[in-house]
Structure formats: structure tokens, C-alpha cells
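Engineer:
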Amino acid sequence: MTATDPVARAAELRATLEEANHRYHVLDAPTMPDRQYDRLFRELVNLETAHPELLISDSPTQRIGAPVEGGFRSVRHDVPMLSLGNAFGADELREFDARVRRGLDLDATGPAVAYVCELKIDGLAISLRYDGRRFLRGATRGDGTTGEDVTANLRTVRAIPLRLHEDPPGDRMEVRGEVFMPRGAFAALNEQLERDGKPLYANARNTAAGTVRQKDPAVTASRRMSLWAYQLVGAHGLATHTDSLDLLRRLGFPVNPNVRRVVGIDEVIAYTEEWADARKALDYETDGIVIKVDSLAEQEQLGFVARAPRWATAYKFPAEQVTTKLEAIDVYVGRIGALTPVAHVTPVLVGGTTVRNATLHNIDEIRRKDLRVGDTVVLQRAGDVIPEIVNAVVGARDGSETVWEMPTHCPVCGTRAIREEMEVVTRCPNPFCPAQRIGGLLHFTGRGGMDIDGLGEKIMVQLVARELVSEPADVFRLDVDALEGLDRLGRKSAENLAAAIQAALQRPMSRIINGLGIRHVGGQTAIDLGAWLASQLPRGAGETDADWTRRAADMLRGASADELTAVYGIGRVVAEAIARFFADEHTRDTLHRLLDAGVTAEAPAPGASQAADGRLSGKTLVVTGTLPEYTRSEAEEAIRAAGGHAASSVSTKTDYLVAGERAGSKLARAEKLGVPVLDEDGLRRLLEGRQPERPMRSAPPSKAPAPT
Ligand code: IVH
5 MTATDPVARA
15 AELRATLEEA
25 NHRYHVLDAP
35 TMPDRQYDRL
45 FRELVNLETA
55 HPELLISDSP
65 TQRIGAPVEG
75 GFRSVRHDVP
85 MLSLGNAFGA
95 DELREFDARV
105 RRGLDLDATG
115 PAVAYVCELK
125 IDGLAISLRY
135 DGRRFLRGAT
145 RGDGTTGEDV
155 TANLRTVRAI
165 PLRLHEDPPG
175 DRMEVRGEVF
185 MPRGAFAALN
195 EQLERDGKPL
205 YANARNTAAG
215 TVRQKDPAVT
225 ASRRMSLWAY
235 QLVGAHGLAT
245 HTDSLDLLRR
255 LGFPVNPNVR
265 RVVGIDEVIA
275 YTEEWADARK
285 ALDYETDGIV
295 IKVDSLAEQE
305 QLGFVARAPR
315 WATAYKFPAE
325 QVTTKLEAID
335 VYVGRIGALT
345 PVAHVTPVLV
355 GGTTVRNATL
365 HNIDEIRRKD
375 LRVGDTVVLQ
385 RAGDVIPEIV
395 NAVVGARDGS
405 ETVWEMPTHC
415 PVCGTRAIRE
425 EMEVVTRCPN
435 PFCPAQRIGG
445 LLHFTGRGGM
455 DIDGLGEKIM
465 VQLVARELVS
475 EPADVFRLDV
485 DALEGLDRLG
495 RKSAENLAAA
505 IQAALQRPMS
515 RIINGLGIRH
525 VGGQTAIDLG
535 AWLASQLPRG
545 AGETDADWTR
555 RAADMLRGAS
565 ADELTAVYGI
575 GRVVAEAIAR
585 FFADEHTRDT
595 LHRLLDAGVT
605 AEAPAPGASQ
615 AADGRLSGKT
625 LVVTGTLPEY
635 TRSEAEEAIR
645 AAGGHAASSV
655 STKTDYLVAG
665 ERAGSKLARA
675 EKLGVPVLDE
685 DGLRRLLEGR
695 QPERPMRSAP
705 PSKAPAPT
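Quick note: the sequence shown uses the working numbering, first residue 5, plus one each step.
Shown next as C-alpha cells:
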């Protein structure tokens, strides 16, 4: 693998981290490896920012933040901090206007609605509370219900008034707004880092978010953060949002000067067009336009749907496109051996992020777009979406460009790569390929598998490097003493991890199957297989879970592709992959050793056929957005466990959409199709066998949170 390719670097980073850890351990030089570790860590953060597909829940970047966050007190928001629905393009803005008009009982002849258009600042939403004129407390949005108390850091933001210029309406007042890092401040920070020979930050938004959650307010202070206030919580006797913004200005808050009150959706559209380019000249990043109904009485009448107001929406600017040079194409080897070509481009700023690479998916895509190394290419990035190469600028070719070929051998282990007929993906067939091993082990111990809390990438890299773990069963042989020898793991953590490992010995069959990482088998298929085993193998009288697990493993090992095709939910291709997997000698050994290590599935209750009569049998649900308690995969798992089908896209066949914070196009589509929308509580009610009395979308506004 080439060290200059940033995406392949994510894989390499693991190896480098491993080496760094090793050197630390062997050379016993405490300061340098620490610094090196931090550098690699920051590099990984930047990579994951540019390439969300590389981000796994156990990534060090996902964990290291935790103790810092744990350091802040939780703050419950009196009025939840909601998110906004999205509108892409003028047509969707007109649809928004039509929904607003329906909600206000205005027909085509009625008056145009007055809206306020605001730039959507790409920073971090915060809540500021005042006690009389005094700044009392500042909090992050968090999950919308509970955020973090970051008062000490926000005090360092000079744009935030610590004392109001006038008496506020009411003794207690709450103001919301967006803290952000101005482009100039961000550039200056990166210049300083560059002078110091340190790695740079990829974008201002994430840097701002990190800065607000700094442990040391002095660091926040040095970063020159700023604020735009955009909301006064509560009506306070005012008639319009415009009035509340005027009041905020008088009280001493910075209110963006580009806010404009307009009448009718045509003027809204004109505003979005006006700012599409003009925004690039601003000293702060924007990612859209927020459109709000101006009248507070009308806001109240419109109310909320699935945690977003009906009286506002976020127009998203079209994906930004830039041209850059395709310098090289490298290959990244994934967990199940897929060789993914990755474009390495001349670093270019697009949508506020420095992009250095873009996924190319597979060789067919490279051919279809006729991309050649050395080409000038058009690159685009929309919102949080992975950067993508749209096309090559053919006219810019000078003949020096070269056609790229997929390597014939795995760039990591050198095994001859294969590409099966009918498949677009080339893969490394060697199950012992180092690129696959750590990824495979992390999949096994991760959330969808044995779900071992605390066994993340950093620890796994060390375990493999020290030859303590080379295959799944080895994990269960780790004891406190072995774990305590690892870097950054004290006695207490080692004990916790050892306990988590022991607890993971018992898991539902579907998780064990999923953890094995069988090609084509994801969570739903694993559950279908688990249900099939449960229905085929009733528990014998006096049979233990362990005995049943062995019988189930035998059944899997003996199952032919034909038999598997008969399993509900499993088609030919998947059945063949499963049969091939279990017929493999290596798999048989792996399973054997897992059973010997004590891995046990829960046997079905006598006579039960798992999930067949579940509460959601025959129902199709789609989960979108961020739910307060469940992660998305937990919610989907709960749906499946209740016999339901967790689908990924909304259609007329969808029975319910479960929508959380930041639900976007799926929510809009559900609304369009009249699919009932539930929040997490609604899902829980369904799972408990109660009807969700009122899906959110038909909730009368009076039952929804008060407009803010
Ligand atoms: S109003 C209920 N106004 O966008 C409406 N939000 O997806 C609350 N944002 O979390 C938001 N600029 O972080 C509003 N001028 C603006 C905004 C703005 C940025 C962010 C905010 C919020 C998110 C909504």
C-alpha cells in the first residue's frame, strides 16, 4: 500500500499505531510516543471527517472524546432543542409553503405568508440562559433534550454578552444561537499548527465543536470563536420572530445582518438564489438558509412534527463542485477483503472541508466515468456526504494521463485477487490477510456481534500485535493479567474489560452469526437464520443452552445452499455464500474453538419459533435520524426481534417511519406518502404491544412542545 494515499492510510494508520505502541513499550520512551499518538489520532480524526465511511463506532476518535464529555455536567433543556426538516431546491420550498398554507387553512386565494430568511450557520447550536441581565449558563444542544454545561468555555466567546444591555423580558430568559469559528480564525489556527509542524484541522465546524468542548477554557479562548443568535425562547408577548430578533439586538446579542423578512415563497426562493454564491465571501461557513414563519401566532398554530417545527425548514445549498487533479488511485482492503479503489486528489477546499481523497467504489465506476490518473476532475461534496468525483474534464487532457488497472494481487498480502462473475467487486480471498484480520475481529467483538464493551480498535491492534489474539475464540481466553499489560489500560479498566468479555459469552444466535462476518450476511439475514434455527431445532427436554448451541452449529455446518434458500428472507446468492462459508475448513475450526471457549446462544423457549408471532410481524418500519436512547441499529434490531422488517427506504409499503433528530429526506418522503411517523416512544409502545395512540404526524399542535 502506498503511504501517500489518505484513505488507505486509515488502514495503514492501524499498523502505524501498532508500531507506535510497540516502540513505546519496548523503548520505554514515554514522551515521544505520546506525541506521536496524538498526531496519529488527529490524523485519523481528519481522515474520518473527510471519509465518513471509514468511521466505525469503536474508532479511537469516537471514544477518546468520552471522558472529556463526561467531565461536563448535563443540562436538561426546558424546551427541547429541535432540528429542522430539509428542502432541496425551489420545488421543495414550494412544497414547504404549501404545507404551511394548509396548516394555516389558507387556500390559493389567501394572502402570502410572511417568512424570515436567515443564513444557516454551520457551527454548533447552543443555549444561553440569563438570570436578569447576568449570563447564567451555556449548554450544547446534545441530543436535543439534554446537553452539556459548557458555560466556562462560552464565557470566553466575546460575542456572548455576559451582561445584557437592557432588562430582559421576564426574570429568566433563554437565547439560542450558533457558535462558530470564523474562516479567518480557522485559517490562522491552521497556519499556526503548520508553523509548529503539527497536523491541520480539516474543517471549521468540527474544530468549533471540539473547541466548545475543550476541558481547558484557555484553549477555547485562544480560538477566537464567535456567535450569531437566532432564537429567543418563548414569545414574551411579542408578535413576530422579527420583533424577537430586534429585541435580541437591543439586549446586546449579535444577530446576523443578512436576516430578511419576506412575503411569499417567491421572495424566499429569490433569497436562496441571492446567497448561493454570495455566501462564499462571508467570513463564516453556511450550509443553507433557514426559513421561518414570521408570525409567532402562526408558528403556534402550525406546531411540530416528529421533533421538527412545521413552521420552519432548512434549505440546503446544492452540492458544491470544484475541480482538482486526480493524482493517483490506490486500493484499500476492507474487512471482508473487498478491494476498493480510492482517488487521491490534489487537496482542495470544498464545502468548508479540505478534501484529499474520494471513493471510487469499484473499477466499473472508474471505467464508466473514464477517469484517468492525471485527469483534471470535477469533485463534489454535499453536506456530510462522502466526496465524490463527478466526471473528468476531458478537454483538459494533454495525453500524459494513464488508464488505471485494478491490481491483480491484494496490495496487503499479495494473494491473487478474484472478481467473480456478475460482481463489481474485486476481493482478496485470503481470510488470513492482515488487512482483514483486525477488521474482522472488530466486527466480531463489535456492536452487531458479541458487543464487547470497551474492546475498541486501539486495544485490538495491540492484542493482535502481541499475538494474544489471532482469531475470534482467542478473545475469550484473555484474562485481567493479559489485558493489564496493554498500553493505556490500568487495572480497573482491565477488570472491566475482562468482565465485559465474560458477559459476551452468552449472546443471541443472530449476533453470533452476524459477528462471524459471512459475506452477504448482515443483521437481518443473521436474524432470519437465527429464527430458522430456533424453528428447526426445538429445545430438547433438559437440554442446556450450550448443548443446543452445538446442535445449531452442526445444523449450520451441514446446511446445503438448497436448504438455506428455503429459509425465509434468504435468496440464492446469500444461501450459497452461507453454505460456502460453513463448508470451509477454516470456519469449522473457528466455530469449534468458539464453542470450546464457551460461546453459547440462547436456546429457544420450548415450542417457540422465534419472532414468528412477534408484535411487529408483517410490519415494515424505517428508522431515520438520531433517536434519544436507541442507536439506529439497536432500534432496527428491536424491530426485527419483534418480527418486523427494518427497511432502509420509505415506500408505500412502509407501515411506520421512526424519526429522530435530524431526520431528513425520509421524513419528507413519509409525509408525502402519508406514512405514519413515530418518535422513539411511539416505537416503544409498538414493541410493547400497545398501539401508538397518535403518530407524531397527526399530533394536534396543542400536544406538541410549545413553539420557541
Ligand atoms: S433555528 C426549531 N436558525 O441548524 C428551529 N437554526 O437543523 C431551531 N442553525 O440545530 C433552529 N443557523 O444548529 C436556526 N439561523 C438559524 C440557524 C440554525 C444554523 C442550525 C442549528 C440547528 C440546526 C437545525
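Think of the CB as a built atom: it goes at the ideal place given N, C-alpha and C, for glycine as much as any other residue. The structure displayed is predicted, hence computed values, not measured ones.
For residue 524, which residues from the same chain have a beta carbon less than 6 Å from its beta carbon, with the 5 sequence-adjacent residues on both sides left out?
Structural biologist: 578, 581
Engineer: Kindly indicate which residue of 285, 154, 293, 572 has the alpha-carbon position closest to the one of residue 265.
Structural biologist: 293
Engineer: Please report the distance separating the alpha-carbon of residue 141 from that of residue 314.
Structural biologist: 29 Å
Engineer: Taking only the alpha-carbon atoms, compute the straight-line gap between residue 487 and residue 499 and give it to the nearest angstrom.
Structural biologist: 8 Å
Engineer: Given residue 321, which residues of its chain have a CB within under 7 Å of its CB, disregarding the five upstream and five downstream residues?
Structural biologist: 280, 291, 292
Engineer: Output yes or no for whether 9 Å exceeds the beta carbon distance between residue 343 and residue 352.
Structural biologist: no
Engineer: Is DSSP giving residue 181 helix, strand or coil here?
Structural biologist: strand
Engineer: Spell out the partners DSSP gives residue 299 in its beta bridges.
Structural biologist: In the DSSP output, where bridge partners are listed per residue, residue 299 has 244.
Engineer: Determine, using beta carbons only, whether residue 177 and residue 208 come nearer to each other than 9 Å.
Structural biologist: Between residue 177 and residue 208, the C-beta spacing is not below 9 Å.
Engineer: By DSSP, does residue 235 sit in helix, in strand, or in coil?
Structural biologist: In the structure shown, residue 235 sits in a strand (DSSP, three-state: E or B).
Engineer: Per DSSP, what kind of secondary structure is residue 637 in: helix, strand or coil?
Structural biologist: helix
Engineer: Between which residues of its own chain and residue 91 is the CB-CB distance below 6 Å, once the five residues before and five after are set aside?
Structural biologist: 97, 100, 317, 319
Engineer: Measure how close the beta-carbons of residue 80 and residue 150 come, nearest whole angstrom, since I'm counting them as under 8 Å.
Structural biologist: Right, their Cβ atoms sit about 5 Å apart.
Engineer: Can you tell me where the alpha helix (DSSP H) with residue 528 in it begins and where it stops?
Structural biologist: 527-540
Engineer: Can you check which of these residues, 506, 470, 481, is closest to residue 489 by C-alpha distance?
Structural biologist: 470
Engineer: Thinking residue 327 and residue 381 are a contact (beta carbons under 8 Å), I'd like their distance in whole angstroms, please.
Structural biologist: 7 Å
Engineer: Identify whether residue 92 lies in helix, strand or coil by the three-state DSSP scheme.
Structural biologist: strand
Engineer: On a CA-only basis, which of 422, 604, 406, 403 is nearest residue 412? Give me that one, please.
Structural biologist: 422
Engineer: Per DSSP, what kind of secondary structure is residue 352 in: helix, strand or coil?
Structural biologist: Looking at residue 352 - three-state DSSP - the assignment turns out to be strand.
Engineer: Could you check if residue 14 is buried or exposed, using at least 16 other CB atoms within 10 Å of its CB as the buried criterion?
Structural biologist: buried
Engineer: On the criterion of 16 or more Cβ atoms from any shown chain inside 10 Å, does residue 73 qualify as buried, or is it exposed?
Structural biologist: For residue 73, the predicted structure reports a pLDDT of 39, less than 50, and the residue's modelled location is therefore unreliable. The matter cannot be settled from this model.
Engineer: Since residue 445 and residue 476 should fall inside the 8 Å C-beta cutoff, what is the C-beta to C-beta distance between them, to a whole number of angstroms?
Structural biologist: Approximately 7 Å separates the beta-carbon atoms of residue 445 and residue 476; this is inside 8 Å, confirming the contact.
Engineer: Who are residue 437's beta bridge partners in DSSP?
Structural biologist: Paired residue(s): none; residue 437 is not in a bridge.
Engineer: Would you tell me roughly how many angstroms separate the C-alpha atoms of residue 250 and residue 619, rounded to the nearest one?
Structural biologist: 52 Å
Engineer: Whose CA, out of 238, 544, 665, lies closest to the CA of residue 148?
Structural biologist: For residue 148, the nearest C-alpha among the options comes from 665.
Engineer: Tell me whether residue 335 sits in a helix, a strand or coil according to DSSP, three-state version.
Structural biologist: The answer is strand: DSSP assigns residue 335 an E or B state.
Engineer: Does the Cβ of residue 180 lie closer than 8 Å to at least one heavy atom of the ligand IVH?
Structural biologist: yes
Engineer: Determine the direct distance from the alpha carbon of residue 674 to that of residue 481, and round the result to whole angstroms.
Structural biologist: 48 Å
Engineer: Going by DSSP in three states, residue 262 sits in which element: helix, strand or coil?
Structural biologist: coil
Engineer: What separation, rounded to the nearest whole angstrom, lies between the Cα atoms of residue 647 and residue 532?
Structural biologist: 10 Å
Engineer: In the DSSP assignment, what residue or residues form a beta bridge with residue 135?
Structural biologist: Answer is 138, 176.
Engineer: For residue 226, which of helix, strand or coil comes out of DSSP?
Structural biologist: helix
Engineer: From which residue to which residue does the beta strand (DSSP E) around residue 649 run?
Structural biologist: 649-651
Engineer: Return the CA-CA distance between residue 303 and residue 105, expressed in angstroms with no decimal places.
Structural biologist: 12 Å
Engineer: If you draw a straight line from the C-alpha of residue 454 to the C-alpha of residue 598, how long is it?
Structural biologist: 12 Å
Engineer: Mind the definition here: the region 187-197 touches the region 208-220 only if three or more C-beta pairs lie below 8 Å; say whether that holds.
Structural biologist: yes
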